[in-house]
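Engineer:
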């Protein structure tokens, strides 16, 4: 799905082993940059964040009972300014992919589920990573912000 920043977030429908213990849900996430310039983003609170699996950006729904599935979440305090290690560059016309594994998901055998990811891009620059200097990270004023949301995809238990 497109955002105001033109970045597109897609999920690949996950297939869950019927007897995985503890129950986990591996999800393939792709962030695509359709523009003709590279984009650099701060990964905090996005699907590319190393802690994405516990940041409450993934929405899991039991479509059999039309109920949300409560996922474990953690509130993380971040030290400012961000580090350049927290930046991800997505080249023009390219994608960055990552597998995110949701932990301890209470799935019921025989039920159908859906998942999507939704949140905010906190800082996005229309430039290569090397152009986002420590000074720019300290100010964050020239960064763009926007929302992201993937399509809703079905989740299968096999």
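In the working numbering, the protein residues as written are 503 to 660. We treat Cβ as the ideally placed atom computed from N, Cα and C, and that holds for glycine. Source: prediction; values computed, not measured.
Secondary structure at residue 575, three-state DSSP: helix, strand or coil?
Structural biologist: coil
Engineer: Along the chain, which unbroken stretches of the beta strand (DSSP E) at least 3 residues long are found entirely within the region 551 to 624?
Structural biologist: 560 to 564, 569 to 571, 589 to 592, 597 to 604
Engineer: Where do the N-terminal and C-terminal ends of the beta strand (DSSP E) with residue 543 fall, by residue?
Structural biologist: 541 to 544
Engineer: Quickly, what does DSSP pair residue 537 with across the bridge? List them, please.
Structural biologist: DSSP lists no partner for residue 537.
Engineer: If you draw a straight line from the C-alpha of residue 575 to the C-alpha of residue 554, how long is it?
Structural biologist: 10 Å
Engineer: Going by CA-CA distance only, name the one from 533, 601, 556, 623 that's closest to residue 645.
Structural biologist: 623
Engineer: May I have the straight-line CA-CA distance separating residue 635 from residue 659, to the nearest angstrom?
Structural biologist: 45 Å
Engineer: Residue 612 and residue 536: beta carbons closer than 8 Å?
Structural biologist: no
Engineer: Are the beta-carbon atoms belonging to residue 517 and residue 604 less than 8 Å from one another?
Structural biologist: Remark: C-beta atoms of residue 517 and residue 604 do not approach each other more closely than 8 Å.
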